[in-house]
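Participant: First the structure, which I've put down as structure tokens, then a few questions once you've had a look.
Numbering (my numbering), first residue to last: 1 to 497.
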């Protein structure tokens with residue numbers, strides 16, 4: 001295994017891969033020079049390959065990740081004490097299209113999924129209760145508990161109430177976000193049956209929500225207003241029991257991977273994220289797209305500093321303009337609440353070796369692979385174009401992962417260097433950036449990308465990841481599913497009445 005890594009030929013830093021890098025150790029660069037470490041350096045952190053003057057750009061991944069705030073000697077540790085962001089407010093962008101590499105695949109796997117009436121593919125057959133308002137969360141959970149206790153759930157992957165605190169006392173775009181999110185949740189193909197449970201007096205009126213749904217499968221989606229019946233738990237149980245009977249006859253069948261929509265997310269990132277797991281997921285995204293499938297990249301604040309990479313892969317000038325708006329509108333969202341635009345990375349990111357937002361973003365966007373950006377989506381907008389899509393959502397793990405699923409992703413690939421146990425309402429595969437995390441938190445991590453720095457070829461690891469994705473899409477449960485860690489987080493904006 002290598003002890004150090006210079007990622008790009010243009011870089012003036014290298015990353016420590018070993019656990020025991022000590023002062024005095026010598027790193028032989030790919031160019032044939034030698035650099036001596038000036039201090040002990042933690043795994044995942046970086047050091048200078050040559051002297052860097054105060055104010056000079058620090059280069060990693062072939063791009064600036066900020067500027068030196070003090071003179072830095074060759075072999076010196078680089079982090080928050082001597083490196084700062086160079087990002088500023090809104091920028092002027094020019095569309096400079098880059099060549100999109102052709103991705104060749106020998107064959108495209110099939111998925112054993114559920115074909116829904118509208119032609120969409122579900123990879124789970126679950127019964128969901130969706131409250132229109134937080135006031136009926138308790139009733140939704142009571143129905144679920146009774147169903148699990150009294151019903152034969154053979155052929156049903158899960159019965160779940162997706163509770164939340166919203167649906168009333170909201171205004172404007174904040175209320176619109178909640179309604180859009182719940183509409184998207186109700187129509188998701190991973191649900192074989194849905195009961196929409198309302199109260200009756202909430203802002204999020206059930207008849208209006210039903211109208212917003214547009215076309216839906218009336219045999220699979222049912223509605224109940226609690227204030228209109230004597231016992232909403234009993235009535236809800238009866239409705240769901242009939243849905244279960246219908247769902248029990250659903251069967252998996254071979255379906256093309258072109259029907260798969262993959263969400264791309266990272267959280268608890270570290271210095272290995274942009275070296276192992278994120279590039280690996282990018283390779284997987286490219287392969288899925290080459291097979292006619294779809295991937296969706298979000299976390300807009302974690303595109304800041306790397307946005308031009310995505311902009312120049314826009315398939316048309318119109319998509320370029322939409323990508324510019326995606327970036328600048330999110331900066332405007334921060335400013336509208338008087339908050340700093342570049343309050344990132346998190347303490348956990350910094351402990352793992354990430355210093356600036358540019359560095360985090362350059363690692364983050366690698367999950368999007370190298371294919372063209374075909375569309376830019378608003379929050380909870382359904383994805384309709386095959387290829388790489390960009391989605392409006394924040395970086396928050398729960399909100400972003402939920403947002404990807406709301407746009408129609410049946411699975412989320414979640415890379416992490418620090419680890420996390422959560423899952424959104426679709427299978428959320430945890431992919432570790434390093435083998436140490438995979439060994440320590442084997443009850444959280446579903447796939448280890450750390451072997452890429454242990455001399456296993458990335459293409460070989462991607463073969464295994466594709467096999468894992470197909471297996472999960474065909475019914476294999478992930479760790480978070482086994483323990484029932486599944487929830488939704490709606491993008492909250494604005495005031496609460």
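For each residue, glycine too, the CB sits at the ideal point set by N, CA and C.
Since the structure is predicted, the reported quantities are computational estimates derived from the model, not experimental observations.
Could you compute how far the alpha carbon of residue 45 sits from the alpha carbon of residue 350?
Facilitator: Distance between the alpha carbons of residue 45 and residue 350 is about 9 Å.
Participant: So, is residue 517 buried or exposed, given that buried needs 16 or more other C-beta atoms within 10 angstroms?
Facilitator: The structure shown does not extend to residue 517, since the chain spans only 1 to 497, so no value can be given for it.
Participant: Tell me residue 60's beta-bridge partners as DSSP assigns them.
Facilitator: DSSP, once it has assigned bridges, lists 63 as partnering residue 60.
Participant: Look at the alpha carbon of residue 111 and the alpha carbon of residue 477, and state the distance between them as a whole number of angstroms.
Facilitator: Taking the straight line joining both Cα atoms gives about 14 Å.
Participant: Could you tell me whether the Cβ atoms of residue 462 and residue 280 are closer together than 8 Å?
Facilitator: Their beta carbons are under 8 Å apart, which means residue 462 touches residue 280 by this criterion.
Participant: For residue 168, write down the residues that DSSP places opposite it in a beta bridge.
Facilitator: Note: residue 168 sits in no beta bridge, so no partner.
Participant: Looking at C-alpha atoms only, which residue of 176, 118, 149 is the closest neighbour of residue 192?
Facilitator: Closest option to residue 192, Cα to Cα, is 118.
Participant: How big is the Cα-Cα spacing for residue 358 and residue 89?
Facilitator: Spanning the two alpha carbons is a distance of roughly 14 Å.
Participant: Going by other Cβ atoms of all chains shown within 10 Å of its Cβ, with 16 needed for buried, is residue 164 buried or exposed?
Facilitator: Buried, because 16 or more other Cβ atoms sit within 10 Å of the Cβ of residue 164.
Participant: Please state whether DSSP places residue 468 in a helix, a strand or coil.
Facilitator: Residue 468: helix per DSSP, three-state reduction.
Participant: For the beta strand (DSSP E) containing residue 161, name the first residue and the last one.
Facilitator: Per DSSP, residue 161 belongs to the beta strand (DSSP E) from 158-161.
Participant: From this set, 435, 416, 331, 204, which residue's C-alpha is nearest residue 394's C-alpha?
Facilitator: Ranking 435, 416, 331, 204 by Cα distance to residue 394 puts 331 first.
Participant: To test your reading of the DSSP string, which unbroken beta strand (DSSP E) runs of 3 or more residues are found completely within the region 365-432?
Facilitator: DSSP runs (the beta strand (DSSP E)) wholly in the region 365-432: 373-377, 387-391, 411-416, 428-432.
Participant: Can you tell me whether DSSP reads residue 338 as helix, strand or coil?
Facilitator: Of the three classes helix, strand and coil, the one that applies to residue 338 here is coil, per DSSP.
Participant: Bridge partners of residue 47, per DSSP?
Facilitator: Answer is 14, 77, bridged to residue 47.
Participant: By the three-class DSSP mapping on this structure, what secondary structure does residue 238 have?
Facilitator: Residue 238: helix per DSSP, three-state reduction.
Participant: Quick one: what does DSSP say residue 225 is sitting in, helix, strand or coil?
Facilitator: Residue state, collapsed to three classes: strand.
Participant: Three-state secondary structure (DSSP) at residue 295?
Facilitator: Strand at residue 295.
Participant: Taking the alpha-carbon of residue 386 as reference, which of 392, 380, 376 has the nearest alpha-carbon?
Facilitator: Considering only alpha carbons, the answer is 376.
Participant: Rounded to the nearest angstrom, how far is the Cβ of residue 306 from that of residue 361, given a contact under 8 Å?
Facilitator: Yes, residue 306 and residue 361 are in contact; Cβ-Cβ is about 4 Å, under 8 Å.
Participant: Can you tell me which of 390, 381, 355, 14 puts its alpha carbon nearest to the alpha carbon of residue 369?
Facilitator: Among 390, 381, 355, 14, the Cα nearest to that of residue 369 belongs to 390.
Participant: Going by other Cβ atoms of all chains shown within 10 Å of its Cβ, with 16 needed for buried, is residue 189 buried or exposed?
Facilitator: Label assigned to residue 189: buried.
Participant: Starting from the N-terminal side, write out each stretch of the beta strand (DSSP E) that is 3 residues or longer and does not extend beyond the region 121-146.
Facilitator: The region 121-146 contains these whole beta strand (DSSP E) runs: 126-131.
Participant: For residue 112, does the three-state DSSP call read helix, strand or coil?
Facilitator: In this structure, residue 112 counts as strand in the three-state DSSP scheme.
Participant: Within its chain, find whatever has a CB closer than 7 Å to the CB of residue 85; leave out the 5 residues flanking it on each side and keep chain order.
Facilitator: Contacts found: 66, 342, 356, 357, 358.
Participant: Would residue 123 and residue 382 be called neighbours here (beta carbons separated by less than 8 Å)?
Facilitator: No, they are not a contact pair.
Participant: Tell me which same chain residues have a C-beta within less than 7 Å of the C-beta of residue 460, skipping the five on either side of it?
Facilitator: Contacts found: none.
Participant: Among all the DSSP beta bridges, which residues are the ones paired with residue 255?
Facilitator: Note: residue 255 sits in a beta bridge opposite 111.
Participant: Taking CB distances under 8 Å as the criterion, tell me whether residue 79 reaches chain B.
Facilitator: Considering every chain present, this structure includes no chain B. It has just one protein chain.
Participant: Is residue 416 near residue 402, with beta carbons less than 8 Å apart?
Facilitator: No; because the gap between Cβ atoms is not below 8 Å, this pair is not in contact.
Participant: Can you have a look at residue 442 and say buried or exposed, based on whether 16 or more other CB atoms are within 10 angstroms of its CB?
Facilitator: Counting Cβ neighbours within 10 Å, residue 442 comes out exposed, since fewer than 16 surround it.
Participant: Within 10 angstroms of the Cβ of residue 482, are there 16 or more other Cβ atoms? Answer buried if so, exposed if not.
Facilitator: Flag for residue 482 reads exposed.
Participant: Who are residue 52's beta bridge partners in DSSP?
Facilitator: Answer is 72.
Participant: Does the distance from the C-beta atom of residue 273 to that of residue 363 stay below 8 Å?
Facilitator: Contact flag set, yes.
Participant: Would residue 264 and residue 413 qualify as a contact pair, given that the criterion is a beta-carbon distance under 8 Å?
Facilitator: The answer is yes: Cβ separation under 8 Å.
Participant: Output yes or no for whether 8 Å exceeds the beta carbon distance between residue 196 and residue 162.
Facilitator: The answer is no: Cβ separation not under 8 Å.
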